[in-house]
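J.: Counting from 286, one number per residue, gives the positions in the sequence shown under our numbering.
Even for Gly, the Cβ is constructed at its ideal location relative to N, Cα and C.
It should be emphasised that the depicted structure is a prediction, and the values quoted were computed from it without experimental measurement.
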Amino acid sequence: MTEIRIEWMSEASDCDQAGCSGGYAEGAKVYFDEKLVLDLSPSASCFDSVDYDKDEVFGRILGALGHILVECSYD
Ligand SMILES: [Zn+2]
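1) Use the C-beta contact count for glutamate 319: other C-beta atoms within 10 angstroms, 16 or more gives buried, fewer gives exposed.
2) In the DSSP assignment, what are the bridge partners of glycine 308?
3) Sorted by chain position, which residues of the same chain lie with C-beta nearer than 6 Å to arginine 345's C-beta, five sequence neighbours on each side aside?
4) Between the beta-carbon of serine 330 and the beta-carbon of glycine 351, is there less than 8 Å?
5) Regarding glycine 307 and ligand 1, is the C-beta to nearest heavy atom distance less than 7 Å?
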């Protein structure tokens, strides 16, 4: 059994520009049996924040395990 450890991370950046609230991003580092497998570190900025939500992280974990995740929805 592989222990999968997800270290959730968040990052915020401040901004001095009027009307701008800065940036906020979330991400994670994922370890399989203490070995870093996925580095999805967030990077916050006013524009182009690098952000991974939980669904993205879990999808990539499945990918790292050799599974392809296909999601669909029915209206
Ligand atoms: Zn800004």
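T.: This is what the structure holds:
1) Counting Cβ neighbours within 10 Å, glutamate 319 comes out exposed, since fewer than 16 surround it.
2) Ser298
3) Leu323
4) no
5) yes
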